Amino acid sequence: MLRKLNVLKSLFLLSLVGVIGFMATQALFIDRETSQDSSFVVGTLDMNVTGPGSQQAESLQVTSLGAQNIVSGGKSWTINNVGTLPGRFYLELTNIKNLDNGCNEPEALEDSSCGTPGEGQGELGAQIATTIKITEDNTERTIFTSNLSDAAVSQYQTFWRNNAGEVIIPPGKSLVITLDWSTENSSFTNAIQSDSVTFDVLFNLRQVVPNSANNPQN
Numbered sequence: 331m332l333r334k335l336n337v338l339k340s341l342f343l344l345s346l347v348g349v350i351g352f353m354a355t356q357a358l359f360i361d362r363e364t365s366q367d368s369s370f371v372v373g374t375l376d377m378n379v380t381g382p383g384s385q386q387a388e389s390l391q392v393t394s395l396g397a398q399n400i401v402s403g404g405k406s407w408t409i410n411n412v413g414t415l416p417g418r419f420y421l422e423l424t425n426i427k428n429l430d431n432g433c434n435e436p437e438a439l440e441d442s443s444c445g446t447p448g449e450g451q452g453e454l455g456a457q458i459a460t461t462i463k464i465t466e467d468n469t470e471r472t473i474f475t476s477n478l479s480d481a482a483v484s485q486y487q488t489f490w491r492n493n494a495g496e497v498i499i500p501p502g503k504s505l506v507i508t509l510d511w512s513t514e515n516s517s518f519t520n521a522i523q524s525d526s527v528t529f530d531v532l533f534n535l536r537q538v539v540p541n542s543a544n545n546p547q548n
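331 is the number of the first residue of the sequence shown in this note's numbering; add one for each residue after it.
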């Protein structure tokens, strides 16, 4: 009797092992689909700047200031975002050089330093008022007014930051930047005879970064 029980016990264990082995090796239903050709492509941020003559980044040139009523004027540039990403635009003024280029007798009577001409010695820039305007969607707004003295570099940065707000240029869109300038008749004293001022207008376009990687821009 004991032997029969042992045989039955052995058969039960073998059956249990067989069932476990079958369950471990049994294939379950499965389906697979493949999303092919996934990739990452870097977008582009590209800007071109054109003047009225469609030339790239045309400069502002004024000669013989004060002659033939040349006491005011302006210059406009079209800023085009030709890339695929939106960009935040901002404007700077750099490399201002006020030069005292000579010292004739009438100037020397008012300007005691004109005998040592050089960078930073000229008085002209402080007498030229500049106004920066933006035209977007046919709407023009004035951003700020400054001059072209040596201190104008920091003034332009501060005024733009405080007054311009968020200037975003979407891909394929553009805006117009205008620099108007003027002088007062009282500015034309002998102290500015032969003086000159040169400067660079710097146009910047920086990529707009999404708030979160999980919230990409459309």
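Don't be surprised by glycine CBs; every beta carbon is placed ideally from N, CA and C.
Quick caveat: nothing in here was measured; it's all calculated off a predicted structure.
Residues of the same chain with a CB within less than 7 Å of the CB of Gly403, apart from the 5 flanking positions on each side, are Val392 and Trp511 in chain order.
Distance from the CA atom of Thr519 to the CA atom of Leu439, rounded to whole angstroms, is 11 Å. In chain order, Asn428, Asp430, Asp441, Ala521, Ile522 and Asp525 place their CB closer than 8 Å to the CB of Glu453, counting only its own chain and leaving out the 5 sequence neighbours on each side. Considered as a whole, the region 441 to 524 harbours 459 to 466, 469 to 477 and 504 to 512 as its complete beta strand (DSSP E) runs of no fewer than 3 residues, in chain order. Taking C-beta atoms as the reference points, Ile409 and Gly455 fail to come closer than 9 Å. In the DSSP assignment, Glu422 falls within the beta strand (DSSP E) that extends over Gly417 to Leu429. Here Thr465 is not near Leu415, since their CB atoms are 9 Å or more apart.
Pairing Thr528 with Gln457 gives a Cβ-Cβ distance that is not under 9 Å. Remark: fewer than three beta-carbon pairs, one from each stretch, lie closer than 8 Å, so the region 467 to 484 and the region 370 to 388 are not flagged as touching.
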